[in-house]
Amino acid sequence: MLSVKGFAGTRLTDVADDAEIQAPAIYYYFPSREDLIEEVMYCGIHDMRTHLQKTLDALPAGMAPMDRIMVAVEAHLRHALELSDYTTASIRNSGQIPSRLSKRQKKEEAAYGRIWQGLFADAVAEGEVNPELDPQLARFLVMGAMNWTAEWWDPRRGSVDAIVANAQLLVRSGLTSATKASAPATQRAAKRAATSARPTGARARSRARRPSE
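Positions 1 to 213 (full-length UniProt numbering) are the ones given, in order, by the sequence shown.
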(Lines of atoms letter the chains of each structure in order from A and count residues from 1; the text may use other names and numbers.)
(Lines give C-alpha, C1' and ligand atoms only; values in the text may rest on other atoms or scores of the structure.)
Protein backbone atom coordinates (compact mmCIF):
# COMPACT_ATOMS: atom_id res chain seq x y z
CA MET A 1 0.00 0.00 0.00
CA LEU A 2 2.77 2.43 0.91
CA SER A 3 4.60 1.55 -2.31
CA VAL A 4 1.57 2.45 -4.40
CA LYS A 5 0.05 5.43 -2.59
CA GLY A 6 3.09 6.94 -0.91
CA PHE A 7 3.39 8.53 2.50
CA ALA A 8 0.75 11.22 1.98
CA GLY A 9 -1.78 8.91 0.34
CA THR A 10 -1.61 5.89 2.63
CA ARG A 11 -4.55 5.61 5.04
CA LEU A 12 -5.07 3.07 7.80
CA THR A 13 -8.41 2.14 6.27
CA ASP A 14 -6.59 1.21 3.05
CA VAL A 15 -4.09 -0.88 5.00
CA ALA A 16 -6.89 -2.59 6.91
CA ASP A 17 -8.82 -3.37 3.73
CA ASP A 18 -5.72 -4.81 2.10
CA ALA A 19 -4.96 -6.92 5.18
CA GLU A 20 -8.63 -7.92 5.50
CA ILE A 21 -8.93 -6.71 9.08
CA GLN A 22 -10.84 -3.95 10.84
CA ALA A 23 -8.98 -0.62 10.97
CA PRO A 24 -9.21 -0.31 14.79
CA ALA A 25 -7.29 -3.60 15.10
CA ILE A 26 -4.19 -1.88 13.74
CA TYR A 27 -4.01 0.30 16.85
CA TYR A 28 -3.38 -2.83 18.89
CA TYR A 29 0.05 -2.99 17.24
CA PHE A 30 0.79 0.62 16.30
CA PRO A 31 -0.29 3.78 18.15
CA SER A 32 -0.74 5.74 14.93
CA ARG A 33 -0.54 5.72 11.16
CA GLU A 34 2.86 7.41 11.34
CA ASP A 35 4.24 4.74 13.68
CA LEU A 36 3.15 2.05 11.23
CA ILE A 37 4.80 3.81 8.29
CA GLU A 38 7.99 4.42 10.30
CA GLU A 39 8.22 0.70 11.03
CA VAL A 40 7.73 -0.21 7.36
CA MET A 41 10.43 2.22 6.28
CA TYR A 42 12.88 0.91 8.87
CA CYS A 43 12.18 -2.74 8.09
CA GLY A 44 12.67 -2.14 4.38
CA ILE A 45 16.24 -0.89 4.60
CA HIS A 46 17.12 -3.10 7.58
CA ASP A 47 16.08 -6.21 5.68
CA MET A 48 18.04 -5.06 2.64
CA ARG A 49 21.19 -4.49 4.68
CA THR A 50 20.88 -7.83 6.44
CA HIS A 51 20.28 -9.65 3.16
CA LEU A 52 23.30 -8.07 1.49
CA GLN A 53 25.62 -8.72 4.43
CA LYS A 54 24.60 -12.38 4.66
CA THR A 55 25.07 -12.78 0.92
CA LEU A 56 28.57 -11.30 1.04
CA ASP A 57 29.53 -13.30 4.13
CA ALA A 58 28.68 -16.51 2.26
CA LEU A 59 31.10 -15.77 -0.60
CA PRO A 60 34.38 -17.70 -0.78
CA ALA A 61 37.50 -16.02 0.51
CA GLY A 62 39.69 -14.51 -2.15
CA MET A 63 36.90 -13.58 -4.57
CA ALA A 64 37.90 -10.56 -6.67
CA PRO A 65 36.45 -7.27 -5.38
CA MET A 66 34.73 -6.53 -8.70
CA ASP A 67 33.05 -9.93 -8.61
CA ARG A 68 31.84 -9.16 -5.08
CA ILE A 69 30.33 -5.93 -6.40
CA MET A 70 28.51 -7.95 -9.07
CA VAL A 71 27.08 -10.21 -6.36
CA ALA A 72 25.99 -7.13 -4.41
CA VAL A 73 24.29 -5.69 -7.49
CA GLU A 74 22.26 -8.87 -7.88
CA ALA A 75 21.42 -9.04 -4.17
CA HIS A 76 20.19 -5.44 -4.17
CA LEU A 77 18.04 -5.76 -7.27
CA ARG A 78 16.50 -9.11 -6.42
CA HIS A 79 15.66 -8.01 -2.89
CA ALA A 80 14.07 -4.78 -4.11
CA LEU A 81 12.17 -6.27 -7.05
CA GLU A 82 11.38 -9.84 -5.95
CA LEU A 83 11.83 -10.51 -2.27
CA SER A 84 10.60 -7.60 -0.18
CA ASP A 85 7.65 -5.22 -0.55
CA TYR A 86 9.03 -3.46 2.52
CA THR A 87 12.23 -2.62 0.67
CA THR A 88 10.33 -1.36 -2.38
CA ALA A 89 8.21 0.87 -0.15
CA SER A 90 11.29 2.12 1.68
CA ILE A 91 13.09 3.02 -1.55
CA ARG A 92 10.08 4.72 -3.13
CA ASN A 93 9.23 6.81 -0.06
CA SER A 94 12.68 7.60 1.26
CA GLY A 95 12.45 11.27 0.34
CA GLN A 96 8.85 11.74 1.49
CA ILE A 97 9.11 10.78 5.15
CA PRO A 98 9.38 13.63 7.71
CA SER A 99 12.70 13.72 9.54
CA ARG A 100 11.04 12.91 12.88
CA LEU A 101 10.03 9.53 11.44
CA SER A 102 13.21 8.66 9.58
CA LYS A 103 15.89 8.47 12.27
CA ARG A 104 16.09 4.67 12.38
CA GLN A 105 15.73 4.48 8.62
CA LYS A 106 18.59 6.93 8.03
CA LYS A 107 20.83 5.05 10.45
CA GLU A 108 20.22 1.82 8.52
CA GLU A 109 20.77 3.59 5.20
CA ALA A 110 24.14 4.81 6.46
CA ALA A 111 25.11 1.28 7.52
CA TYR A 112 24.03 -0.07 4.15
CA GLY A 113 26.04 2.61 2.39
CA ARG A 114 29.15 1.65 4.37
CA ILE A 115 28.93 -1.89 3.01
CA TRP A 116 29.01 -0.54 -0.53
CA GLN A 117 31.74 1.92 0.37
CA GLY A 118 33.89 -1.01 1.50
CA LEU A 119 33.19 -2.95 -1.69
CA PHE A 120 34.26 -0.02 -3.84
CA ALA A 121 37.32 0.69 -1.69
CA ASP A 122 38.50 -2.90 -2.10
CA ALA A 123 38.05 -2.73 -5.87
CA VAL A 124 40.00 0.53 -6.02
CA ALA A 125 42.80 -0.93 -3.90
CA GLU A 126 43.10 -3.88 -6.31
CA GLY A 127 43.30 -1.56 -9.32
CA GLU A 128 39.99 -2.79 -10.71
CA VAL A 129 38.39 0.65 -10.93
CA ASN A 130 39.22 3.19 -13.60
CA PRO A 131 41.49 5.72 -11.86
CA GLU A 132 39.73 8.56 -13.68
CA LEU A 133 36.55 7.83 -11.72
CA ASP A 134 35.68 9.39 -8.38
CA PRO A 135 34.78 6.25 -6.36
CA GLN A 136 32.25 8.05 -4.18
CA LEU A 137 30.41 9.63 -7.10
CA ALA A 138 30.52 6.35 -9.00
CA ARG A 139 29.00 4.57 -6.01
CA PHE A 140 26.22 7.14 -5.69
CA LEU A 141 25.44 6.81 -9.40
CA VAL A 142 25.30 3.02 -9.22
CA MET A 143 23.08 3.06 -6.14
CA GLY A 144 20.79 5.69 -7.62
CA ALA A 145 20.35 3.74 -10.84
CA MET A 146 19.56 0.52 -8.99
CA ASN A 147 17.10 2.19 -6.63
CA TRP A 148 15.29 3.80 -9.54
CA THR A 149 14.37 0.37 -10.91
CA ALA A 150 11.80 0.15 -8.11
CA GLU A 151 10.02 3.09 -9.76
CA TRP A 152 9.92 1.99 -13.40
CA TRP A 153 10.24 -1.78 -13.51
CA ASP A 154 7.38 -4.15 -14.17
CA PRO A 155 7.47 -7.65 -15.72
CA ARG A 156 6.43 -6.30 -19.13
CA ARG A 157 9.77 -4.51 -19.35
CA GLY A 158 11.84 -7.62 -18.88
CA SER A 159 12.46 -10.27 -16.29
CA VAL A 160 14.37 -9.65 -13.10
CA ASP A 161 17.06 -11.94 -14.50
CA ALA A 162 17.43 -9.59 -17.47
CA ILE A 163 17.53 -6.53 -15.21
CA VAL A 164 20.27 -8.11 -13.09
CA ALA A 165 22.36 -9.19 -16.09
CA ASN A 166 22.15 -5.78 -17.76
CA ALA A 167 22.91 -3.96 -14.52
CA GLN A 168 25.96 -6.12 -13.87
CA LEU A 169 27.25 -5.51 -17.39
CA LEU A 170 26.75 -1.76 -17.11
CA VAL A 171 28.36 -1.53 -13.68
CA ARG A 172 31.35 -3.70 -14.57
CA SER A 173 32.04 -1.96 -17.87
CA GLY A 174 31.50 1.45 -16.30
CA LEU A 175 33.82 0.89 -13.35
CA THR A 176 36.56 -1.26 -14.81
CA SER A 177 40.05 0.21 -15.04
CA ALA A 178 40.83 1.66 -18.46
CA THR A 179 44.00 -0.44 -18.61
CA LYS A 180 42.16 -3.66 -17.85
CA ALA A 181 39.30 -2.79 -20.18
CA SER A 182 41.63 -2.04 -23.08
CA ALA A 183 43.60 -5.28 -22.74
CA PRO A 184 41.18 -7.49 -24.70
CA ALA A 185 40.95 -4.88 -27.46
CA THR A 186 44.73 -4.67 -27.63
CA GLN A 187 44.99 -8.43 -27.82
CA ARG A 188 42.43 -8.56 -30.63
CA ALA A 189 44.31 -5.88 -32.56
CA ALA A 190 47.58 -7.78 -32.20
CA LYS A 191 45.90 -10.96 -33.40
CA ARG A 192 44.48 -9.20 -36.44
CA ALA A 193 47.89 -7.77 -37.26
CA ALA A 194 49.50 -11.20 -37.00
CA THR A 195 46.80 -12.73 -39.17
CA SER A 196 47.11 -10.08 -41.87
CA ALA A 197 50.88 -10.54 -41.95
CA ARG A 198 50.52 -14.30 -42.48
CA PRO A 199 50.35 -15.29 -46.22
CA THR A 200 47.08 -16.93 -47.21
CA GLY A 201 45.50 -18.60 -50.26
CA ALA A 202 47.18 -18.12 -53.66
CA ARG A 203 49.74 -15.81 -52.10
CA ALA A 204 50.91 -18.59 -49.77
CA ARG A 205 51.02 -21.19 -52.58
CA SER A 206 53.02 -18.81 -54.79
CA ARG A 207 55.60 -18.39 -52.07
CA ALA A 208 55.75 -22.14 -51.56
CA ARG A 209 56.52 -22.75 -55.29
CA ARG A 210 59.15 -20.00 -55.49
CA PRO A 211 62.61 -21.59 -56.08
CA SER A 212 65.16 -20.96 -53.45
CA GLU A 213 68.14 -18.87 -54.37
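For each residue, glycine too, the CB sits at the ideal point set by N, CA and C.
The count of Cβ pairs closer than 8 Å, one atom from the stretch 125 to 138 and one from the stretch 35 to 47, stays below three, leaving the stretches out of contact. One thing to note: proline 60 has its Cβ no nearer than 8 Å to the Cβ of alanine 123. By the neighbour-count definition (other C-beta atoms within 10 Å, threshold 16), alanine 75 is a buried residue. Take the alpha-carbon of arginine 157 and the one of isoleucine 163: they are about 9 Å apart. Around the Cβ of glutamate 151, a 10 Å sphere holds fewer than 16 other Cβ atoms; the residue is exposed.
Around the beta carbon of arginine 49, a 10 Å sphere encloses 16 or more other beta carbons of the protein chains shown; the residue is thus reported as buried. Around the C-beta of alanine 72, 16 or more other C-beta atoms lie within 10 Å, and the residue is accordingly described as buried. If the five residues before and after glutamate 82 are omitted, its C-beta is found closer than 8 Å to the C-beta atoms of Val160, all from its own chain and listed in chain order. In this structure alanine 167 is buried. Its beta-carbon is surrounded by 16 or more other beta-carbon atoms within 10 angstroms.
Bridge pairing for valine 171: absent [DSSP].
Distances from the CA of valine 129 to each of Asp67, Arg104, Ala58 were compared; the closest alpha carbon is that of Asp67. By the C-beta density criterion, glutamate 132 is exposed, having fewer than 16 other C-beta atoms within 10 angstroms.
Around valine 171, the same chain offers Val73, Val142 as residues with beta carbons nearer than 6 Å, after the five sequence neighbours per side are excluded.
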